[in-house]
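Worksheet: one structure, shown below.
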Ligand SMILES: [Zn+2]
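Numbering (my numbering), first residue to last: 277 to 392.
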């Protein structure tokens, strides 16, 4: 399946390919529990992800081991996707940013990110 998404202001647009999305993933690590975002329960390799950014709107936040990159729009503040720590270079996408997905209708798998 091909999906398309964006931040709130539209400065970050992206498309990715993945399986049909029927479940979302919540993560209990120190940053995800603060964002309370619903993520893809699969990772997207870079060759299946295309990102189109207006100017320098894409910022990333790193902490701890600095492997994971939590990308967000520095214009509207919306977290769009993360490059994961366990699969560096691959992405989990914030499903709240994806067209056609209602995160309130998905069942949520909890990922024990606090334990890694
Ligand atoms: Zn934005």
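Backbone N, C-alpha and C define an ideal beta-carbon position, used for all residues, glycine too.
- Pairing residue 333 with residue 284, the inter-Cα distance amounts to about 12 angstroms.
- The three-state reading of DSSP puts residue 345 in strand, counting E and B together.
- Secondary structure note for residue 309: its alpha helix (DSSP H) is the uninterrupted segment 308-311.
- Judged by the Cβ position, residue 373 fails to qualify as a neighbour of ligand 1 at the 7 angstroms threshold, every heavy atom of the ligand being at least this far.
- Residue 379 carries a helical assignment under DSSP once its states are collapsed to helix, strand and coil.
- Counting along the chain, residue 292 sits inside the beta strand (DSSP E) bounded by residues 288-293.
- In this structure, residue 297 has its CB at a distance of at least 7 angstroms from all heavy atoms of ligand 1.
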